[in-house]
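Numbering (UniProt numbering), first residue to last: 1 to 808.
Just so it is clear, CB atoms sit at the ideal spot from N, CA and C, and this is done for glycine as well.
Some notes on the structure that comes next.
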Amino acid sequence: MMRLSVMLPYGAQFCLLDPAKMGENFPYIKQLPFKRPLTNDISRTLEEVLDDIKRIKQNYLDNRTRRLINVDPEIRGNEKFEFIVASNFPKGYDRRSIELLAQIANTGSVAGKYVILQHNQDLELPNGASMEWFESLKNIRSGDNHITAIPELETYMIGSEAICDETINTILDCVAKAKPKENKLEFTDVTDTNPENWWKGDTGHEIRVAVGGTGAKKDDLELWFGESNGRQICAHGMLGAMTGAGKSNLYHAFIMGLACRYSPDELQLYLIDGKQGVEFKCYPTLPHAKVVSLNTSPDLSRSVLGELVEEMIRRNEMFKREGFENLRDYRKETQKPLPRILLVVDEYQTLFEDDRDGLGSDLMEKLATQGRSAGIHMLVGSQRFGASGMQNQQSIFGNIHLRIGMQMSEADVTALQEFGPNGKRLLRACKEAGQVVINDSAANDDKNRAGRVTYLSDKLRLDLIKQLAEKWQHKQGLANLHHSILLDGSGQPNLSENPQLEQLFSTYSAHPSQQEWVEFANLPEHQQGLGEKEWYPVEKPANFWLGREMNIHGQANVVVRRRTNEHLLFVGESNEARSGMLSYWLGQLPINHAAGEYQLYLLERAIKGSPWHGIMSRAIDTCGLTDVHYRESVSEFASDLDHVKAEFERRKSMDEEQMLAQPTIYIVVNEAQRATELQQQAGRYGVKEHGELGAVISELLEQGAEYGIHIVMSFDNVRAVTKVFDRRDIDLFKHKVVLQMSEDDSFCVIKSRHAALLQQTTRVPVYALYANASQNYPVKFKPYCYRDVEDHEKELEQLNNYLQSWSH
């Protein structure tokens with residue numbers, strides 16, 4: 001045994017049986033690095049060995065590979081050669097255990113299981129037992145003290161005199177320190193990485209790619225979705241694996257294998273990282289990636305599913321109109337390259353967190369039951385197959401044909417319902433990263449395949465992504481550069497990355513006409529339009545983006561029109577969020593109005609010397625705003641309000657057509673809590689009354705918007721708002737943007753508690769709510785925030801570059 005340990009320091013495992021002396025003959029068992037755990041029932045232990053023999057024969061051996069020792073080490077991995085040593089045989093062994101030992105001895109050598117009996121020939125076997133049961137038994141100790149070879153190992157052990165305990169300890173200490181050669185099945189063994197051979201696959205029937213190998217070959221372990229030539233269906237898949245089992249590497253190998261085999265015209269990927277990690281952070285530049293979501297919150301994860309359900313509905317309606325049942329028939333008859341879609345969700349249990357309405361379960365069930373006909377497939381993964389809070393499990397799991405298991409805890413394997421007894425036995429043998437069990441027949445227990453996943457290094461993955469991006473760019477040309485939708489749940493969005501803004505400026509080379517604005521506003525959000533059906537030029541609508549909604553396409557925006565109460569109120573303690581939104585709001589004025597079509601009256605009350613002072617003036621200067629009345633003095637601003645009040649009275653006397661031709665007026669007050677002159681004062685009988693400035697503001701709130709005069713005010717807290725306005729005045733702001741606040745304040749401003757829950761679980765990123773008096777529920781979004789001067793200038797410069805492209 002010492003010689004075996006030295007010759008195979010990381011390839012030998014021992015099963016040491018000593019029933020007569022309870023292990024006394026193996027005092028060094030604790031020091032052996034690899035040994036099979038024993039029970040008091042020897043027969044049960046030997047049955048486990050027989051199960052291993054069956055498993056190895058099933059998964060590694062075939063006509064081409066007849067012995068475990070002939071299996072490629074990269075596939076074999078940590079599968080060890082096991083020596084079952086029976087001490088003082090047959091003392092303490094019953095008939096059943098002897099029968100099992102003989103069965104192992106007769107059948108196990110091809111599977112790397114070898115029986116060594118220390119046979120005391122002076123003892124008789126139990127009744128009914130016979131040494132003839134051991135058909136291949138050899139007497140390995142001869143008179144000249146020479147030990148012959150175990151043939152499959154092709155090794156000779158020259159024999160031996162007794163060795164002392166100190167020598168044994170030294171040997172075993174050295175064995176414990178031995179590090180095995182790292183055998184990895186490389187990605188290049190299963191995937192052709194030559195760009196000339198990429199994108200030759202067709203997804204009309206299915207998507208299929210090798211992710212590893214079994215004992216016979218290196219590339220015969222495949223994952224697939226669709227409908228095979230034999231009409232077998234594989235709609236969706238699920239992966240269960242504990243931390244460290246190699247789940248992330250399997251995702252990467254699968255994604256990159258598909259990306260090399262199929263072009264972006266054939267396959268689109270939606271990748272969601274539903275935890276705090278960033279497994280998919282390298283994929284935004286992959287041309288197949290339509291959506292990449294990192295650090296994804298539950299509501300954002302559900303929104304991606306919602307987008308896919310909408311895409312599924314659009315596709316199925318199109319198939320129905322044109323007389324087809326599914327994607328396969330549509331592509332076959334029309335020859336149109338409509339791509340299949342694959343959704344990959346890591347830590348999919350986040351879909352059901354904080355989901356009181358069961359929306360995540362409902363969306364997942366719709367995709368599971370109806371997505372295949374539209375060519376939409378899911379691969380979802382977690383540490384276990386089930387998920388807390390998941391509803392409709394029977395319906396969902398009934399359409400999950402592909403089950404993938406990797407290393408899991410014994411308790412999780414035992415509790416599995418997604419694999420049968422044979423599958424569970426294979427899963428228990430997954431002891432190291434990369435070992436996998438795959439079943440593509442809805443857990444049919446005869447269809448399990450065990451093997452090893454190919455290893456894809458970070459460097460090779462990044463190199464391949466770069467080459468794939470270059471190949472796509474070369475094919476499409478510079479005019480069609482790939483832009484995946486990146487949803488980063490950890491940071492604030494940038495206005496310059498707003499796809500609707502990009503669409504607006506890329507579509508129109510000059511300031512849009514009224515009809516062009518209507519077209520852009522009516523364009524659906526999934527086509528980078530506003531999705532705004534009520535866009536009537538007679539109302540002089542103006543759109544301002546505030547941030548990004550918690551979904552794929554939605555960009556938080558406010559549209560002000562010449563209607564009653566079309567005013568905007570910002571409330572919240574985050575200066576970064578309020579200042580950022582308001583400054584970028586100012587920068588967008590020239591997008592909505594040509595020069596001469598608007599007037600701006602701005603009162604800036606930010607403290608001089610504070611980080612927030614100068615933000616508004618920077619936006620005005622950089623974006624080239626015209627007809628601006630910028631004030632830091634309340635008295636000067638009061639004079640401006642007098643002028644606006646006179647203009648308001650003048651417009652009331654005009655006919656409607658003449659009034660509509662007048663420029664839109666915006667009255668903006670930043671840090672309004674510091675404009676104490678606006679606050680109400682105690683009047684007669686102690687009743688609060690507006691001062692002169694407040695009275696003008698109140699009157700314009702009541703009627704000004706109908707005449708093209710809109711008020712925009714920013715406060716740092718609700719208490720400051722109530723000092724200026726009573727509840728009736730607050731309700732005159734149709735558009736409200738609120739940040740985290742107390743429950744009472746939330747009810748005061750938006751008549752619900754939603755603003756009290758914004759930062760309930762995290763301080764970053766900063767969230768905001770947009771509440772519109774005509775909407776049932778406020779919209780949660782991540783606002784454009786002010787981070788620092790450099791970033792602010794960069795964003796404004798990009799906005800100005802867009803504007804300059806129109807002016808030229």
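- Between Ala-542 and the set Trp-517, Asn-565, Gln-528, the nearest pair of CA atoms involves Trp-517.
- For Ser-136, same chain residues with a beta-carbon under 8 Å away, outside a window of 5 residues either side, are Ala-105, Asn-106, Ser-109 in chain order.
- Nearest to Phe-26 by alpha-carbon distance, out of Arg-67, Ala-102, Ser-130, Leu-172, is Leu-172.
- For Ala-442 and Pro-339, the gap between their C-alpha atoms comes out near 25 Å.
- Among the bridge pairs identified by DSSP, Arg-449 is matched with Ile-438.
- The C-beta distance from Val-724 to Ala-672 rounds to 7 Å, short enough to meet the 8 Å contact threshold.
- The stretch 307-319 makes no contact with the stretch 486-495, as fewer than three CB pairs between them are under 8 Å.
- Annotation: Met-242 to Ile-56 spans about 23 Å, alpha carbon to alpha carbon.
- A distance of 8 Å or more separates the beta carbons of Leu-700 and Phe-781.
- With a cut-off of 8 Å on Cβ pairs, the stretch 756-764 is not in contact with the stretch 791-801, counting fewer than three such pairs.
- Looking at the DSSP output, Lys-780 bridges to Leu-769.
- Contact between Leu-300 and Met-550 holds, since their C-beta atoms are separated by about 5 Å, short of 8 Å.
- Taking a contact to require three or more Cβ pairs closer than 8 Å, the stretch 602-611 and the stretch 760-776 do not qualify as touching.
- Taking Ile-233 as the centre and dropping the five residues before and after it, the same chain places the C-beta of Glu-227 closer than 6 Å to its C-beta, in chain order.
- Of all alpha-carbon atoms in Pro-33, Gly-587, His-119, the one lying nearest the alpha-carbon of Ala-178 is that of Pro-33.
- The three-state reading of DSSP puts Arg-563 in coil, since its state is none of H, G, I, E or B.
- Residue environment: Thr-170 is assigned as exposed (fewer than 16 neighbouring CB atoms within 10 Å of its CB, all protein chains considered).
- Listed in chain order, the beta strand (DSSP E) runs fully inside the stretch 677-755 are 709-715, 735-738, counting runs of at least 3 residues.
- A straight-line Cα-Cα distance of about 15 Å links Thr-414 and Glu-48.
- Comparing alpha-carbon positions, the option among Cys-748, Gly-201, Gln-662, Ala-253 lying closest to Glu-266 turns out to be Gly-201.
- For Thr-664, the enclosing beta strand (DSSP E) stretches over residues 664-670.
- Assigned with DSSP and collapsed to three states, Arg-618 falls in helix.
- Assigned with DSSP and collapsed to three states, Cys-785 falls in coil, not helix or strand.
- Taking a C-beta distance under 8 Å as the contact criterion, Leu-327 and Met-364 do not qualify as a contact pair.
- The beta carbons of Ile-75 and Arg-452 sit closer together than 8 Å.
- The three-state secondary structure of Trp-198, taken from DSSP, is coil.
- Excluding sequence positions up to five before and after Arg-449, its CB lies within less than 8 Å of the CB of Asn-59, Thr-214, Leu-221, Val-437, Ile-438, Asn-439, all in the same chain and listed in chain order.
- Cβ atoms of Cys-260 and Thr-203 stay farther apart than 8 Å, at about 14 Å.
- Ranked by how close their Cα comes to the Cα of Asn-63, the residues Lys-652, Val-115, Lys-217 have Lys-217 in first place.
- Taking 8 Å as the cut-off, the beta carbon of Met-1 is found closer than this to the beta carbon of Phe-14.
- Taking the C-beta atoms as reference points, Ser-97 is found no nearer than 8 Å to Ile-29.
- Phe-319 and Asp-745 have their C-alpha atoms roughly 50 Å apart.
- Just so you know, the alpha carbons of Pro-783 and Leu-546 end up roughly 6 Å apart.
- Of all alpha-carbon atoms in Val-538, Tyr-786, Arg-302, Leu-589, the one lying nearest the alpha-carbon of Val-558 is that of Leu-589.
- Annotation for Phe-89: Leu-117, Gln-118, His-119, Asn-120 place their beta carbon closer than 7 Å to its own, counting only its chain and skipping 5 residues before and after.
- Pairing Glu-539 with Ala-521 gives a Cβ-Cβ distance that is not under 8 Å.
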